[in-house]
Every structure is written in structure tokens, then in C-alpha cells.
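Quick note: the sequence shown uses the working numbering, first residue 1, plus one each step. Here the structure comes first, spelled out in C-alpha cells, and everything after it is commentary.
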Amino acid sequence: MTWMRQALLNVFRLPVKWLVKTNSIPSDVESELGIDKSRPIIYLLPSDSVTDQLALQMSAQKMGLPDPVEPVTLANKSYPGSLFLRRTEALLRKRNQNTDFEPVFTDLFHLHRDHSDLDVQVVPVFITWGRAPGKGKPGLADLLTLSAAPSWLRKFFIVLFLGRDTFISYSQAVSSRAMADQHSTDEKLAHKLSRVASTHFHRKRQAMTGPTLLERQELNNAVLGSEMVRNAIGEEMRAKQLSADEARQVAAGYLTEIAADYREGLIRFGDRLLTRIWNKIYNGISVGHANRIRELANNGHEIIYVPCHRSHMDYLLLTYVIYHEGLVTPHIAAGINLNFWPVGGIFRRGGAFFLRRSFAGNKLYTAVFREYLELLFKKGYAVKYYPEGGRSRTGRLIPPKTGMLAMTIQAAVKGVNRPISLVPVYIGYENVMEVKSYLSELKGGAKKKESNWQVFSAIKKLKNYGHGFVNFGEPLPLNQFLDNKAPDWRESQTLNPEKKPAWLTPTVNGLA
1 MTWMRQALLN VFRLPVKWLV KTNSIPSDVE SELGIDKSRP IIYLLPSDSV
51 TDQLALQMSA QKMGLPDPVE PVTLANKSYP GSLFLRRTEA LLRKRNQNTD
101 FEPVFTDLFH LHRDHSDLDV QVVPVFITWG RAPGKGKPGL ADLLTLSAAP
151 SWLRKFFIVL FLGRDTFISY SQAVSSRAMA DQHSTDEKLA HKLSRVASTH
201 FHRKRQAMTG PTLLERQELN NAVLGSEMVR NAIGEEMRAK QLSADEARQV
251 AAGYLTEIAA DYREGLIRFG DRLLTRIWNK IYNGISVGHA NRIRELANNG
301 HEIIYVPCHR SHMDYLLLTY VIYHEGLVTP HIAAGINLNF WPVGGIFRRG
351 GAFFLRRSFA GNKLYTAVFR EYLELLFKKG YAVKYYPEGG RSRTGRLIPP
401 KTGMLAMTIQ AAVKGVNRPI SLVPVYIGYE NVMEVKSYLS ELKGGAKKKE
451 SNWQVFSAIK KLKNYGHGFV NFGEPLPLNQ FLDNKAPDWR ESQTLNPEKK
501 PAWLTPTVNG LA
């Protein structure tokens with residue numbers, strides 16, 4: 001380490017400690033990632049940011065891991081405790097982006113040839129400040145904060161505004177001995193490792209922040225310009241004697257009614273608010289098997305969460321847990337009955353998209369909704385919907401409705417260019433908030449319509465409800481399921497993409 005970098009670390013250590021709160025993912029790196037705290041570790045980071053290294057140092061100290069700032073001694077030679085793929089951007093001029101990663105690793109692999117007992121854990125670490133996805137047309141705040149390797153000026157604003165939302169995501173340790181033994185004669189191994197690590201960090205970013213958000217005009221063009229919606233607009237014109245502009249306006253109105261308007265800032269605000277609420281109403285939240293979902297996300301899967309639904313708290317609790325497990329929060333299918341002011345707008349900005357209880361008789365609405373859902377899948381947005389179609393009024397599971405599952409399968413058949421996995425989720429509570437309404441409706445009382453009064457009265461009556469539970473089930477790879485249940489499903493797409501295949505209904509019923 002140069003004297004200049006050591007000086008910068010010393011200067012910024014205290015400000016970073018004041019401004020930054022680290023969230024380490026996963027919380028148990030030993031059991032989930034196989035990291036041995038007693039063995040040497042070299043951390044691998046995307047860029048040589050001083051503040052990133054200090055944030056990692058804070059996290060490592062909490063986790064009982066070796067200090068990433070201190071050098072590692074191997075066979076009487078000193079190696080840096082952290083290595084970096086690229087340099088941070090210069091403020092006013094371009095500079096060489098190469099770091100000492102490749103020469104250090106090349107030297108390290110040469111050392112392995114002479115010392116058969118040498119083995120170092122290489123641990124990739126991805127650090128994100130805030131969880132904002134990219135935008136097609138970034139605003140001023142985005143220009144300051146969105147960059148893979150921001151300059152010191154950009155990083156100043158990032159730490160200042162997003163320091164309390166810093167996520168340190170550790171990856172599985174890679175054995176230097178295993179790499180050296182497998183590729184002992186490859187002199188370009190360090191360069192190849194650099195490319196693999198770069199791809200890994202890109203996937204990490206996608207898993208934690210999600211894909212670039214679509215601008216409104218892009219969304220309109222993609223959905224309203226699709227062949228299925230254009231055909232439905234033509235049918236609407238003929239059936240209702242409308243002009244092309246009038247029919248398109250109807251379709252645009254449906255899209256406005258349906259589409260989410262995701263705002264990462266609202267997610268961060270909601271995280272702070274919900275943390276306070278959970279501390280008041282729950283003794284703790286137990287989360288099971290989140291590692292399954294992280295593995296799917298890191299491997300590029302399209303994730304569709306299909307939880308049970310017993311309480312209005314389900315909407316908030318699952319999103320909160322997913323966020324804290326280091327994954328992008330999903331777009332959530334919500335009933336149109338929840339789209340009332342101001343709750344509807346808040347939910348919409350939190351990622352909710354709205355659907356009507358019935359699509360029957362409205363081909364244009366059906367086409368717009370299907371195309372919007374398929375667009376979410378194609379772009380790589382995580383999605384959540386309740387296969388039961390609504391909230392249980394008894395606390396028991398209710399028979400599933402198959403509409404959303406059918407549209408999911410149809411989207412897969414049309415060719416989403418990544419594997420799709422359905423993830424069942426159990427959400428439970430020691431005491432359910434709506435237990436009084438359960439009893440009332442079981443005794444024959446009328447179902448109460450959702451309203452602001454219900455929301456405010458629920459907040460007013462908050463009390464301790466014991467423990468909350470979120471368990472992620474075994475993921476179901478959709479392509480594999482279709483191969484088993486409908487072996488000719490791929491051929492049906494090439495023959496007639498718009499026609500409902502004969503195998504769809506029995507396959508959906510089997511899936512439900």
C-alpha cells in the first residue's frame with residue numbers, strides 16, 4: 001500500500017464511521033458462503049474507492065473477518081488485503097483504469113507453484129450505496145451518484161446522502177489453491193479471472209438494484225406498440241366505432257391504471273419507517289432459506305415470488321425482508337381495490353401494479369395487462385403476486401386462482417431470455433392483525449371495503465403481535481416444469497404464438 005493511500009484511509013476513517021451504516025449480506029458468511037475466518041483472505045472489490053474499503057473494514061470488524069486494510073503475509077511475502085478491478089474515475093481528466101490486480105495475482109499464482117501448502121480465500125465483495133436502479137434519462141441526483149467507479153466528488157455526495165444505506169454483499173470464497181492447481185500452466189489466468197469477476201459484479205448489481213427503469217414514453221411505446229395490443233386496439237375500434245386515436249387513448253388509460261411507478265427513494269423511506277413499526281409490533285422476524293433466492297438472482301434468474309396471503313401486512317413484510325436480504329424489491333400485483341388516494345399512489349411508487357378482479361369481456365384491457373406483465377419479465381424485474389387471488393378471510397389457505405399463473409406461463413412460452421423460477425413463500429404471524437375482522441366475517445358480517453379509515457385505525461391500534469415468519473420455499477424452475485408436464489410447449493410458440501395451446505389449462509391447474 002502506498003503512503004498516499006494509507007494517508008487517505010487515515011483521513012477519511014472517522015468521517016466514514018460517522019456517516020456510514022453498513023448492512024452485511026449474508027449475516028452468517030461462515031455457514032452460507034463457507035468462508036473460514038481463521039484462514040487468510042484477500043478481498044476483491046470492483047473499484048479502488050477509499051470509502052468502499054473503509055466501509056468494508058467496518059463490516060469485516062462486525063463480522064469477525066480479517067481486516068481488508070491490513071496486508072496478508074504468504075510465504076514471507078506481503079500482499080495487499082484488498083485488490084481492485086478498476087480505478088475510480090478522475091474528476092477532470094481520463095486516466096489509466098488498470099490496477100495492480102493482474103500483476104499481484106500473477107505473482108501469487110507463481111508463488112503457489114513453489115509452495116504446495118499455500119491456499120488463500122479470495123472473497124469478492126460488492127458494495128452498493130443506496131439501491132437505486134439506473135434510468136434511461138438520469139436526473140441531477142443520478143448523475144452525481146450513479147457510476148460503477150465514481151470520482152471523489154461523486155463519492156462525497158454518495159456517502160453524504162446514501163451512507164446510511166450501504167450494503168456490503170459477500171460472495172462465496174474462491175480457493176487460490178484450486179485455481180492454481182487447475183490452471184497451473186495458464187499465464188493469462190489473472191486476466192481471465194478479471195473478466196469473470198467483472199461479470200460477477202455486474203450480476204450482483206442487477207440482483208441488488210434491478211434493471212434500468214423504463215421511462216414513461218419507453219413503457220408506452222413498448223406496450224402499446226406491441227403486436228398483441230395493436231390487434232386489440234383494432235378490434236376495439238371496430239366493436240365500439242372509435243377512431244384510431246380514441247382507441248389508443250383507451251389503451252393508454254388502461255396502462256396508466258395498471259403500471260407501477262417505482263421510486264427507490266420511497267423504498268428507502270419505507271425501510272426506515274417499517275423498521276420502527278416492526279420494532280413496535282413484532283418481537284422479531286424470522287427469515288428462512290433466503291440464500292436460495294440470492295443464488296437464483298446471482299445466476300441471472302427471473303424471480304417470481306408466490307406467497308400465501310393472510311394479512312395486509314404481507315405486502316409490507318415480504319418487501320421489507322427481500323430488501324434486507326440484499327435483493328431488489330419486486331413489482332407487486334395488487335387488487336384495484338387498493339388503488340385509492342393516497343394509499344394507491346404510495347403503493348404504486350413502491351412497485352405495485354394494479355389489476356382488476358375480472359378481465360372478462362374486455363379484450364383490450366387483457367392485452368394491455370398481459371403485455372405489461374410480459375415486459376416486466378423480459379426486462380428482468382422481480383415480480384410478486386398472490387396465487388390465491390386475494391387475502392384469506394379465515395387464516396386458512398384458499399384455493400388458488402390460475403389467471404396470473406397462466407399469464408406467467410404464456411410469457412415464458414413467448415420467449416423470456418432468462419430462466420424463470422417461481423418461489424413459494426410462507427408468511428406467518430403468531431397473532432394476525434385482522435383476527436377481529438376474520439371473526440366478524442365468519443359470523444356472517446359483510447366484508448368491509450378498503451379505505452383510508454381502515455388504514456388509519458389500524459395504525460392507531462398497533463400493538464405487539466409476537467413473532468413474524470418469512471420462509472422461502474424450494475424454487476420451481478418453470479422451464480423444467482413445462483418440460484415434464486408439456487414436452488411440446490416450445491413447438492406451440494413457433495406454430496401460433498397468439499393461440500392458447502391445448503396443454504395450457506391442465507398444466508396451469510397442475511402448477512396451482
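Every residue gets a Cβ at the ideal spot worked out from N, C-alpha and C, and that includes glycine. Keep in mind that this is a model prediction, so the values were computed, not measured.
- Bounds of the beta strand (DSSP E) holding ALA334 are 331 to 335.
- Bounds of the alpha helix (DSSP H) holding ILE267 are 264 to 281.
- If the five residues before and after LEU296 are omitted, its C-beta is found closer than 8 Å to the C-beta atoms of ILE303, SER421, VAL423, PRO475, all from its own chain and listed in chain order.
- The Cβ atoms of TYR426 and PHE369 lie no closer than 8 Å to each other.
- CA-to-CA, the gap between ILE281 and GLY466 works out to about 7 Å.
- For GLY253, the three-state secondary structure derived from DSSP is helix.
- C-alpha of LEU504 to C-alpha of ALA251: approximately 27 Å in a straight line.
- In the DSSP secondary-structure assignment, HIS312 is not bridged to any residue.
- Nearest neighbour of ILE158 by Cα position, chosen from GLY326, SER175, LEU439, THR128, turns out to be THR128.
- Put simply, of ARG396, TYR365, ASN362, GLY351 the residue whose alpha carbon is nearest the alpha carbon of TYR385 is GLY351.
- At a Cβ-Cβ threshold of 8 Å, LEU219 and ALA259 count as neighbours.
- For the pair LEU482 and LEU111, the Cα-to-Cα distance works out to about 50 Å.
- Spatial neighbours of HIS331 in its own chain (CB-CB distance under 8 Å, excluding positions within 5 residues in sequence) are listed in chain order as ALA260, TYR262, GLY351, ALA352, PHE353, LEU376, TYR381, ALA382, VAL383, LYS384.
- Nearest C-alpha to VAL123 among TYR170, VAL343, PHE347, GLN241: TYR170.
- Distance between TYR323 and ARG205, taken at the CA atoms: about 13 Å.
- Note that the C-beta distance between PRO400 and ALA512 is below 8 Å.
- Annotated three-state conformation of GLY345 is helix, per DSSP.
- For GLY389, the CB contacts under 6 Å within the same chain, skipping 5 residues up- and downstream, are LYS401 in chain order.
- Within 10 angstroms of the beta-carbon of LYS155 lie 16 or more other beta-carbons, which makes it buried.
- Annotation: ILE293 is outside any beta strand (DSSP E); the continuous alpha helix (DSSP H) that includes it extends over 290 to 298.
- SER198 sits exposed, since fewer than 16 C-beta atoms from the chains shown fall within 10 Å of its C-beta.
- Residue pairing for TRP129: DSSP places it in a beta bridge opposite THR166.
- For a cut-off of 8 Å, the C-beta gap from ALA190 to PHE109 is around 7 Å, short enough to register as a contact.
- Rounded to the nearest angstrom, the Cβ distance from TYR320 to ASP271 is 7 Å, consistent with a contact under 8 Å.
- It is roughly 11 Å from the alpha-carbon of TYR365 to the alpha-carbon of MET228.
- Per DSSP, the beta-bridge partners of THR22 are THR166.
- Rounded to whole angstroms, the separation of the alpha carbons of ALA411 and PRO477 is 14 Å.
- In the three-state scheme derived from DSSP, where H, G and I count as helix and E and B as strand, THR88 is classed as coil.
- The Cβ atoms of VAL328 and GLY210 sit closer than 8 Å to each other.
- For the 8 Å CB-CB criterion, ILE41 and GLN121 form a contact.
- Here ALA352 is bridged, per DSSP, to ILE332.
- For the options ASN231, SER194, LEU118, VAL196, the alpha carbon positioned closest to that of ASP181 is the one of LEU118.
- CA-to-CA, the gap between SER47 and PHE101 works out to about 11 Å.
- Straight through space, the alpha carbons of TRP489 and ASN509 are spaced by roughly 16 Å.
- In terms of CA proximity to ARG248, GLY225 leads the group ALA486, TYR315, GLY225, PHE269.
- A residue is called buried once 16 or more other Cβ atoms fall within 10 Å of its Cβ, and ASP28, having fewer, is exposed.
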